[in-house]
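Chemist: The sequence shown runs contiguously to residue 182 in numbering that gives the first Met the number 0.
My questions all concern the structure below.
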Amino acid sequence: MDEPDVLEQEARFCTVLLSLGSNLGDRVRYLERALEQLRREIRIERVSSIYETRPVGNLEQPWYLNLVCMATTSLKPHALLEYIGAIEAVLGRKRGSERYAARTIDIDILAYDDRIIDEPDLEIPHPRMTERGFVLEPLVEIAPEWRHPSDGRTALELRKDVIDDVVRPYADPPPVLAAAPFL
């Protein structure tokens, strides 16, 4: 029997952490558009400032703009992943064989409540989040006491362990969220 995409009515909304990045075109606008699209199915509670970061893997590409948001959703993890994939496609993300290719938008699920999911198509918490300053710096800004479900370390503790990433402030949180009602 297939599992419904939305949590049962009596269940509470789940808290999710998402990382958004863009290094092609109008990077700020892609981040704003992604947040606007996300708001259609999730309630965005907090959004970090935007940070500019060196690309991972293939260094011969433009620098990224990154942010992290905390949200609540009634979508189950796989339904959320599908929704994110649809947003990426609408915003022009082209998935190819190169793992670290430049992209208009990249949205990753960092955490889904305190769940640990290890499946071929979905790993939560994100398996490389603890190694990436471009994830941890904005996460510390909005949720410094968030705890990694696998080892219990806070976002602040995790960030202190990542010292070689270039992460520099770029802009305040996108204004699109200032009065963003949940639709």
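Using N, Cα and C, we set each Cβ at its ideal position, and we do this for glycine too.
Could you tell me which residues DSSP pairs with Asn65 in its beta bridges?
Modeler: Answer by DSSP bridge pairing, in chain order: Gly20 and Tyr50.
Chemist: Please state whether the Cβ-Cβ distance between Leu23 and Pro61 is less than 8 Å.
Modeler: It is a contact, given that the beta carbons lie within the stated cut-off.
Chemist: Buried or exposed: Arg167, going by 16 or more other Cβ atoms within 10 Å of its Cβ?
Modeler: With fewer than 16 Cβ atoms within 10 Å of its Cβ, Arg167 is classed as exposed.
Chemist: If I follow the unbroken alpha helix (DSSP H) through Ala85, where does it start and stop?
Modeler: Segment Pro76 to Val89, the alpha helix (DSSP H) holding Ala85.
Chemist: Are at least three pairs of beta-carbons, each pair with one atom in the segment 75 to 84 and one in the segment 153 to 163, less than 8 Å apart?
Modeler: Cβ pair count under 8 Å is below three, so no.
Chemist: Take Gly132 and list the residues in its own chain whose beta-carbon comes closer than 6 Å to its own, dropping the five residues that flank it on each side.
Modeler: Val161, Asp164 and Val166.
Chemist: Under the rule that 16 or more other beta-carbon atoms within 10 Å means buried, what is Leu80, buried or exposed?
Modeler: With 16 or more Cβ atoms within 10 Å of its Cβ, Leu80 is classed as buried.
Chemist: Buried or exposed: Asp150, going by 16 or more other Cβ atoms within 10 Å of its Cβ?
Modeler: Looking at its Cβ environment, which holds fewer than 16 other Cβ atoms inside 10 Å, Asp150 is exposed.
Chemist: Within the continuous alpha helix (DSSP H) that includes Leu157, where are the two ends?
Modeler: Looking at the DSSP string, the run of the alpha helix (DSSP H) that includes Leu157 is Ala154 to Lys159.
Chemist: Please return the same chain residues whose Cβ sits closer than 6 Å to the Cβ of Val139, not counting the five positions on each side in sequence.
Modeler: Closer than 6 Å at Cβ, skipping near neighbours: Ala154, Leu155 and Arg158.
Chemist: Answer yes or no: do Val134 and Val67 have a C-beta to C-beta separation smaller than 8 Å?
Modeler: Going by C-beta atoms, Val134 is nearer than 8 Å to Val67.
Chemist: Would you kindly report the start and end of the unbroken beta strand (DSSP E) that includes Glu118?
Modeler: Taken as a continuous stretch (DSSP letters only), the beta strand (DSSP E) holding Glu118 covers Ile116 to Glu118.
Chemist: Does the distance from the C-beta atom of Arg32 to that of Leu109 stay below 8 Å?
Modeler: No, these two residues do not count as a Cβ contact at 8 Å.
Chemist: When you compare only the Cα positions, how much space is there between Leu30 and Ile115?
Modeler: C-alpha separation (whole angstroms): 27 Å.
Chemist: Determine the burial state of Asp120: buried for a count of at least 16 other Cβ atoms within 10 Å of its Cβ, exposed for fewer.
Modeler: Exposed, since its Cβ has fewer than 16 Cβ neighbours within 10 Å.
Chemist: Determine the direct distance from the alpha carbon of Thr103 to that of Glu184, and round the result to whole angstroms.
Modeler: The structure shown does not extend to residue 184, since the chain spans only 0 to 182, so no value can be given for it.
Chemist: First and last residue of the alpha helix (DSSP H) that includes Tyr29?
Modeler: Arg26 to Leu37 is the extent of the alpha helix (DSSP H) around Tyr29.
Chemist: Quick test of your reading: Ser48 and Ala142, contact by CB under 8 Å. State the CB separation rounded to the nearest angstrom.
Modeler: In fact, because the Cβ distance is near 13 Å, the residues do not count as touching under 8 Å.
Chemist: Assign Pro188 to buried or exposed, taking buried as 16 or more other Cβ atoms, counted over all protein chains shown, within 10 Å of its Cβ.
Modeler: Only positions 0 to 182 of the chain appear in this structure, which leaves residue 188 out of reach.
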